[in-house]
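Structure, as structure tokens:
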Amino acid sequence: MGINRQSLSNGGGDCIFASGASDGYARIWDTRNNGSISQQFFVSNSDITSIQFFADGNSFVTGSDDGIIRLYDVRADCELAKYSLPEMAQQHYNQEIDRTYFHQSPMYQEQLLEYKRARPLSVEEIDSALNISGVMSLDFSQSGRLMYSCYAEQGCYVWDTLKSTIVGKLDGHSNKVSKVSTSPNGYAVCTSSWDSTMRVLTPSYI
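Mapping the sequence shown onto UniProt numbering, position 50 (from 1) lands on 50, and the numbers just tick up by one.
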């Protein structure tokens, strides 16, 4: 088992931190108990490549090689939400079909609905379309309403954490975006890239 990422909890002072590992588990550690594991969550069969605490320290998100971000509540000991690019691709796929055949007859619309029920877009088709190779970095806005997520092949997207929808994308780099971080006051977001540059963005730009 290799530990890939760590995150310190603001709510727990310097005593609580989380780690994500290649065995697919996220673990909460407490240094006051001889560094023992206080909680652990099975995330997925993929490597955990990013982990970040929410500002209040009561919840955290994990990013994995499967391209899915999951939100966990430390107090309730459970998963609260999931943010998935593959699922967004499935929704987009269905919307494109609806737009293409919008003016067809009601009978055709009924046949189309049966087709979509019988043949959802496969995981292979979604992965091929998006070329997803994992979540590289995560961070929150000051309020926690927005979540910034860097994907290995897709750049940096902005999620609405309450609606579980993508509300924006941070562009400007010519290569992979490897890291995203927000300023403590929430007035700026910084992204770094394999193009050897960093970009500092303000909320007005976003």
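The C-beta atom is built at its ideal place from N, Cα and C for all residues, glycine as well.
Roughly how many whole angstroms lie between the Cα atoms of W159 and S141?
10 Å
With DSSP run on the structure shown, which of helix, strand or coil describes T31?
helix
Would you give the residue range spanned by the beta strand (DSSP E) that R75 belongs to?
Premise fails: R75 is in no beta strand (DSSP E) and is neither H nor E.
At a Cβ threshold of 8 Å, is S143 touching chain D?
No chain D appears in this structure, which consists of one protein chain only.
Below 6 Å CB to CB, which residues in the same chain sit around Y157 once its five sequence neighbours on both sides are set aside?
S149, I166 and K169
Three-state secondary structure assigned by DSSP to L138
strand
Once DSSP output is grouped into helix, strand and coil, what is the label at L201?
strand
Kindly indicate the opening and closing residues of the beta strand (DSSP E) around L146.
L146 to Y151
Nearest residue (CA-CA) to Y72, options T191, M88 and F42:
F42
Kindly identify the DSSP beta-bridge partner or partners of D160.
L146 and T165
Less than 8 Å between the CB atoms is what I'm expecting for V189 and T182, so what's the real figure, rounded?
5 Å
Looking only at C-alpha atoms, which of H173, S143 and G57 sits nearest to N185?
S143
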